[in-house]
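*Asks:* Before anything else, here's the structure in question.
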Amino acid sequence: MKTKILYVIDGIEFGGGERVFAQIINGLPEDRYEAFLATAPNDAFQKAITVKNRTFFPVDFSNRYNVANLLKLTRIIKDHRIDIVHGQGARAEFFARLAAGLSGRKKCVSTVAMPVEGYDVGPWKRCLYAAFDRFSERFVDRFLVVSDVLLKSMIQVHGVAPGKVIKIYNGIETDLYRPENQLNNRRRIREEFHISDADLLIGAIGRLVWQKGFEYFIQAIPDLVQALPKSRFVLIGDGVLRRDLENLAINLNIRDSILFTGQRTDIRDILSALDVVVIPSVLEGFPIVTLEAMAMGKPIVATAIDGITEQIMDGREGILIPPRNTANLTQAIINIVSNPMLSDDLGKTARERVTAEFSVQQMIKATIHVYENLR
0 MKTKILYVID GIEFGGGERV FAQIINGLPE DRYEAFLATA PNDAFQKAIT
50 VKNRTFFPVD FSNRYNVANL LKLTRIIKDH RIDIVHGQGA RAEFFARLAA
100 GLSGRKKCVS TVAMPVEGYD VGPWKRCLYA AFDRFSERFV DRFLVVSDVL
150 LKSMIQVHGV APGKVIKIYN GIETDLYRPE NQLNNRRRIR EEFHISDADL
200 LIGAIGRLVW QKGFEYFIQA IPDLVQALPK SRFVLIGDGV LRRDLENLAI
250 NLNIRDSILF TGQRTDIRDI LSALDVVVIP SVLEGFPIVT LEAMAMGKPI
300 VATAIDGITE QIMDGREGIL IPPRNTANLT QAIINIVSNP MLSDDLGKTA
350 RERVTAEFSV QQMIKATIHV YENLR
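Letter by letter, the sequence shown follows residues 0 to 374 of numbering that gives the first Met the number 0.
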């Protein structure tokens, strides 16, 4: 008999969490597992899940106080005889945990990919969310965390027993990210963006939210344009701060130097067109975009914050700078562009490390091991 797993996630955007769930579902042995997914309707998310053994249930988790969501999840669990509930995301996880507890104490797995400080809410609501999380943690059998700092936080701050917390790094499909096979994609993307092959293209990728620190990337552009006259810039992604970031570019008189593309799903192809990848985040869990850039052999300038420091060693797989530091960001980019040998070495070493340590196969295997050892 197949083990039935209900995955619960917000799904409003096709972000890192959704990407990881799609990877896991696609990697489950179809003769042993059947996947169910409760999430907001999202075409990109559904298209990313390619296996036949999956069923979607539309659930809107945007309102954390909507009791109907709890009732709907409970009904899904009972009607389909779900064995394991696996949730991720501040709002969705709360309902997933409670539903598992109310449905005959089904096994519950919770992925913690972001500290509570990273919730996209105000300070008072953040405190309320933290209280909800603490209450619902009693229904969780295993916590999966994506970094060392989250592992320590769950044990030392939340008081979870060490045996219930397991670190599993996010992974990437390294066989699909081969820099040597991307010349045509590089040309196509640059043509679309109206960037010549002689220009330097420096880019950042992610949701346009405060945690990503994209304002520091934009603030660096005036000095970079002066130092690197043939440089162009691109910001890939969408989010609540898009208008603010566009206005910042206008106020700095560099709007013509930066392209805002909005949401894109062809991140691998876009990476092939970039010469330098910038990750200016101020708060992260374990960002997938870092792994994608590493797999593509791109030189990276990133902030030395928790999560990223487990992916990149300064001067080895990339250049690390203090967060919220435009001057250091600017200088690091100039150093990479001015030193082709350094750029090549960083990209090569990054590719080697992501292939060895952060493959999607390793992540899927570790996750299935958790499922199989639930007691």
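Don't be surprised by glycine CBs; every beta carbon is placed ideally from N, CA and C.
What are the start and end residues of the beta strand (DSSP E) that includes Y32?
*Replies:* 32-38
*Asks:* DSSP three-state call for G170: helix, strand or coil?
*Replies:* G170 falls in the coil class under three-state DSSP.
*Asks:* For I257, which of helix, strand or coil comes out of DSSP?
*Replies:* strand
*Asks:* If you drop the 5 nearest sequence neighbours on each side, which residues of the same chain put their C-beta closer than 6 angstroms to that of R241?
*Replies:* Non-local C-beta neighbours of R241 in its own chain, meaning closer than 6 angstroms and more than five positions away in sequence, comprise L207, ordered along the chain.
*Asks:* Taking the C-alpha atoms as reference points, what is the distance between S271 and Y176?
*Replies:* 9 angstroms
*Asks:* Go to P221, then tell me how far its alpha helix (DSSP H) extends in each direction, as first and last residue.
*Replies:* 213-226
*Asks:* Enumerated in chain order, which unbroken segments of the alpha helix (DSSP H) with a length of 4 residues or greater are wholly contained in the stretch 5-82?
*Replies:* 15-26, 42-47, 66-78
*Asks:* Three Cβ pairs or more, each shorter than 8 angstroms: is that satisfied between the stretch 299-316 and the stretch 229-248?
*Replies:* no
*Asks:* What are the partner residues of A203, as DSSP defines its beta bridges?
*Replies:* L234
*Asks:* To the nearest angstrom, how far is the alpha carbon of L227 from that of G158?
*Replies:* 50 angstroms
*Asks:* Spatial neighbours of Q22 within its chain, please: C-beta separation below 6 angstroms, excluding the five flanking residues on both sides.
*Replies:* By the criterion of a C-beta distance shorter than 6 angstroms, Q22 is surrounded in its chain by V359, once the five residues flanking it on both sides are discounted.
*Asks:* Go to S109, then tell me how far its alpha helix (DSSP H) extends in each direction, as first and last residue.
*Replies:* For S109, there is no enclosing alpha helix (DSSP H); the enclosing beta strand (DSSP E) has its first and last residue at 106-111.
*Asks:* Do you know how far the Cα of A365 is from the Cα of E356?
*Replies:* 13 angstroms
*Asks:* Can you list the beta strand (DSSP E) stretches of 3 or more residues lying completely in the stretch 247-321, in chain order?
*Replies:* 257-261, 275-278, 299-302, 318-320
*Asks:* Evaluate contact between the stretch 255-266 and the stretch 311-323, counting only Cβ atoms and requiring at least three cross-stretch pairs below 8 angstroms.
*Replies:* no
*Asks:* What are the boundary residues of the alpha helix (DSSP H) that L127 is part of?
*Replies:* 122-135
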